[in-house]
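Heads up: the sequence shown begins at 261 in our numbering, then just goes up one per residue. All C-beta atoms in this analysis are idealised placements derived from N, C-alpha and C, irrespective of residue type, glycine included. On a predicted model such as this, the values are computed, not experimentally measured, just so you know.
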Amino acid sequence: MNNILIGNIISFTGAVFLAVSCVVKSRKRIFVLQFLNCAFLAVASYFFNAYATITTLIICCIRNIFIMRDKFTKPVLAFVIVSVVILGLLSNNRGIIGLMPVAATVEYTTCCYFIRDVRKTRVSILINEIIWVTYSLLVSDFSTAISDSAVIVVDIMSILKSRSKKQVLSERE
């Protein structure tokens with residue numbers, strides 16, 4: 261029980277960084293904040309005995325460094341995806357549930373490479389967060405499930421706000 265409490269405290273701290281990433285306007289700042297999110301969640305995952313998640317999140321930290329430095333090339337994309345899949349499968353101790361972080365990471369990593377637009381990045385975050393909320397509930401990471409649900413709401417509001425601004429600009433033209 262203590263491990264679940266400790267893990268929830270650490271993961272909540274990480275989730276705050278993700279929430280802030282949903283409202284910043286710079287793509288680089290989004291990934292700096294997501295790096296911090298992944299680092300905290302990797303530590304928290306130890307307390308949930310979620311080993312595939314630890315390896316996946318460490319690789320996500322590395323991915324985010326490449327993105328922040330504008331060095332996220334096709335070979336890096338391939339390396340990250342292959343590493344996540346192989347290490348995620350090798351370290352998975354939760355069966356099909358343990359594959360959810362792997363799937364979420366492959367989805368988001370692919371989008372990080374192909375999408376440059378902030379709004380589309382937010383949509384990718386939304387899809388990714390739905391997978392992570394489900395996973396978090398299944399491994400008793402309730403603080404992440406709750407905070408990531410809030411992130412989903414903030415993300416949807418940011419997406420709608422950016423859409424509204426585009427519509428207003430289109431109507432003015």
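Exercise. Quick one: what does DSSP say residue 418 is sitting in, helix, strand or coil?
Worked result: If you number the sequence shown from 1, residue 418 lands on position 158. The answer is helix: DSSP assigns residue 418 an H, G or I state.
Problem set entry | Where the alpha helix (DSSP H) containing residue 264 begins and where it ends | Within the sequence shown, the letter at position 4 stands for residue 264. Looking at the DSSP string, the run of the alpha helix (DSSP H) that includes residue 264 is 262-281.
Exercise. For residue 316, which residues of its own chain have a beta-carbon under 7 Å away from its beta-carbon, when the five flanking residues on both sides are left out?
Worked result: The sequence position of residue 316 within the sequence shown is 56, counting from 1. If we look at residue 316 and ignore the five residues flanking it on each side, its Cβ neighbours are 344, 348, 361, 362 and 365.
For this session: Using the Cα positions of residue 323 and residue 359, report the straight-line distance between them to the nearest angstrom.
Result: As a first step, residue 323 must be located in the sequence shown, where it is residue number 63. As a first step, residue 359 must be located in the sequence shown, where it is residue number 99. Cα to Cα, residue 323 sits roughly 19 Å from residue 359.
For this session: Hey, could you find the ends of the alpha helix (DSSP H) residue 378 is sitting in?
Result: Walking along the sequence shown from the start, residue 378 turns up at place 118. Residues 378-398.
Exercise. Can the beta-carbon of residue 408 be found closer than 8 Å to that of residue 386?
Worked result: Residue mapping note: residue 408 aligns to position 148 of the sequence shown, counting from 1. Residue mapping note: residue 386 aligns to position 126 of the sequence shown, counting from 1. Cβ distance not < 8 Å, so residue 408 and residue 386 don't count as in contact.
Exercise. Looking only at its own chain, which residues have a Cβ that is under 6 Å from the Cβ of residue 274, when we skip the five neighbours before and after it?
Worked result: Reading the sequence shown from its first residue, position 14 is the one you call residue 274. Excluding positions up to five away in sequence, the list reads 297, 300 and 301.
For this session: Could you pull the start and end residues of the alpha helix (DSSP H) that residue 287 belongs to?
Result: Counted from its first residue, the sequence shown places residue 287 at position 27. Per DSSP, residue 287 belongs to the alpha helix (DSSP H) from 287-307.
Exercise. Where residue 392 and residue 278 are concerned, what is the direct C-alpha to C-alpha distance, given to the nearest angstrom?
Worked result: Here residue 392 corresponds to residue number 132 of the sequence shown, with the count starting at 1. Here residue 278 corresponds to residue number 18 of the sequence shown, with the count starting at 1. Whole-angstrom Cα-Cα distance: 12 Å.
Exercise. Would residue 377 be called buried (16 or more neighbouring beta carbons within 10 Å of its own) or exposed?
Worked result: Sequence index remark: in the sequence shown, residue 377 carries index 117 (1-based). Exposed, since its Cβ has fewer than 16 Cβ neighbours within 10 Å.
For this session: Go to residue 340, then tell me how far its alpha helix (DSSP H) extends in each direction, as first and last residue.
Result: For the purposes of this step, residue 340 is identified with residue 80 of the sequence shown, where counting begins at 1. Its alpha helix (DSSP H) spans residues 334-351.
Exercise. Hey, residue 372 and residue 406 are a contact pair by Cβ (cut 8 Å); roughly how many whole angstroms apart?
Worked result: On the sequence shown, position 112 is the one that residue 372 refers to. On the sequence shown, position 146 is the one that residue 406 refers to. Going by Cβ atoms, the distance from residue 372 to residue 406 rounds to 25 Å, so no, they are not a contact pair.
Exercise. Can you list, in chain order, the residues of its chain whose CB lies under 6 Å from that of residue 357, leaving out five sequence neighbours each side?
Worked result: The residue labelled residue 357 in the question sits at position 97 within the sequence shown. Closer than 6 Å at Cβ, skipping near neighbours: 398.
Exercise. Comparing alpha-carbon positions, which option in 396, 383, 389 and 263 lies nearest residue 423?
Worked result: Here residue 423 corresponds to residue number 163 of the sequence shown, with the count starting at 1. The candidate whose alpha carbon is nearest that of residue 423 is 383.
For this session: Taking all protein chains shown into account, decide if residue 420 is buried (16 or more other Cβ within 10 angstroms of its Cβ) or exposed.
Result: For the purposes of this step, residue 420 is taken as the residue at position 160 of the sequence shown. Per the 10 Å Cβ criterion, exposed.
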